[in-house]
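See below for the structure under consideration.
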Amino acid sequence: MSGKPKSMKLSFKGEKKKKSHKRSRDSDDESERNLGEGSRRKSKKQEEVLEPGAWVFPEAPNEVTGPTFIWHPSDPPACIGYDPQRLRVTTAPLPSPTVAASSSSENPPALSYEPEDIHSVWVVSKLSGAASINLRTADGHFLGCDKFGVISATSESRGPLENFTPHIVDSSFLALETTHGTYLSLSETATGGFTLRGDSTSIGFTESFRCKVQAGFRQKARMELDDAKGSARQKDMHYKDIDEAKLTKERMLWFGDKHVTSTGSKKELKKALKEGNLSETLLDRRSKLKSDKYC
């Protein structure tokens with residue numbers, strides 16, 4: 009007997025059967041384009057799949073951390089590197105991306121650059137609580153900029169001249185502000201080469217660099233930021249729920265059942281709670297109440 013086998017799926021009286029529609033090639037192409045756009049907007053779960061050593065773009069200033077690869081989208085693109093023999097910052101032109109690297113990356117060829125030399129990678133670090141960063145070479149020298157805009161990498165210790173504040177410009181470019189309020193920029197020389205300076209007063213094309221960091225360090229920076237926001241949120245909720253009457257009843261002795269509290273602002277109590285002198289502040293507020301003759 010020929011014919012299609014009978015489906016074992018339960019069906020109910022009055023239930024409408026689903027019609028099968030043939031998909032056109034145009035609709036398939038459209039869905040693939042939508043899928044490609046969605047894949048470019050990676051979620052946190054997708055980011056966790058990335059290898060910790062994969063090179064990715066930072067999306068916020070705090071994500072510029074760890075091993076960092078910096079280049080300028082000039083023509084040709086120039087990599088900000090370091091010459092350990094001459095202790096000098098270099099701006100060597102980057103070779104064209106290989107076909108294999110371009111095809112395996114979801115970024116266009118101009119954005120698929122990755123470091124191929126240890127001296128083209130800067131290790132970015134910063135002191136706890138500071139907004140500025142330090143860029144260190146592979147052999148322990150820090151990038152610096154003096155008040156005249158001269159760039160160097162000869163110091164083995166970090167000071168004010170070695171501090172840079174990162175700025176994310178147009179959501180994808182990196183600008184580095186010096187301690188003098190100026191910006192690093194790439195300038196073309198008379199011989200057709202490039203030189204790095206730090207005396208620009210505004211951010212434009214020559215001050216906008218491309219930058220890649222390792223995925224593991226970017227993820228760590230995001231987790232630290234989330235933890236900091238969570239702690240601040242918990243503190244705000246704690247300060248918001250301050251009950252002065254309850255605090256004075258718990259921490260002080262009262263005569264009778266009447267508890268009188270100050271009508272002043274709670275900002276003073278919040279500040280005292282942060283500084284650790286809440287009891288002294290409560291006593292001071294109580295002493296100012298004319299109705300309390302026992303204080």
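Residue 9 is where the sequence shown starts when you use this note's numbering, and the numbers rise one by one after that. Beta carbons: idealized from backbone N, C-alpha and C, even for Gly.
query	result
First through last residue of the beta strand (DSSP E) which encompasses residue 220	218-222
Presumed contact (8 Å Cβ cut-off) between residue 86 and residue 194, rounded CB distance	6 Å
Continuous alpha helix (DSSP H) stretch holding residue 277: start and end	275-283
CB contact flag (residue 185, residue 203, <8 Å)	no
Alpha-carbon spacing of residue 59 relative to residue 237, whole angstroms	26 Å
Reduced DSSP secondary structure (H/G/I, E/B, other) of residue 156	coil
Buried versus exposed, by CB contacts within 10 Å (16 or more), residue 93	exposed
C-alpha distance - residue 188 paired with residue 133, whole-angstrom precision	20 Å
Other residues of its chain near residue 80: CB distance less than 6 Å, five sequence neighbours each side excluded	86, 194 and 217
Top-ranked residue by Cα proximity to residue 156, from 208, 139, 62 and 228	208
Beta strand (DSSP E) segment containing residue 196, residue limits	191-196
Paired residues, beta bridge with residue 96 - DSSP	91
Close beta carbons around residue 264, own chain, < 7 Å, minus the five adjacent residues each side	Low per-residue confidence applies at residue 264: pLDDT is 49, beneath 50, and the placement is therefore not dependable, though the value from the model is reported in the following sentence. Excluding residues within five positions, none has a Cβ falling inside 7 Å.
Selection from 280, 118, 228 and 279 that minimises the alpha carbon distance to residue 70	228
Residue 203: first and last residue of the uninterrupted beta strand (DSSP E) it sits in	202-208
Residue 83 to residue 116 span [Cα, whole Å]	16 Å
Where residue 142 sits in the DSSP three-state scheme	strand
Spatial distance of residue 275 from residue 137 (CA atoms)	25 Å
Residue 163 vs residue 181 beta-carbon contact at 8 Å	no
Buried versus exposed, by CB contacts within 10 Å (16 or more), residue 159	buried
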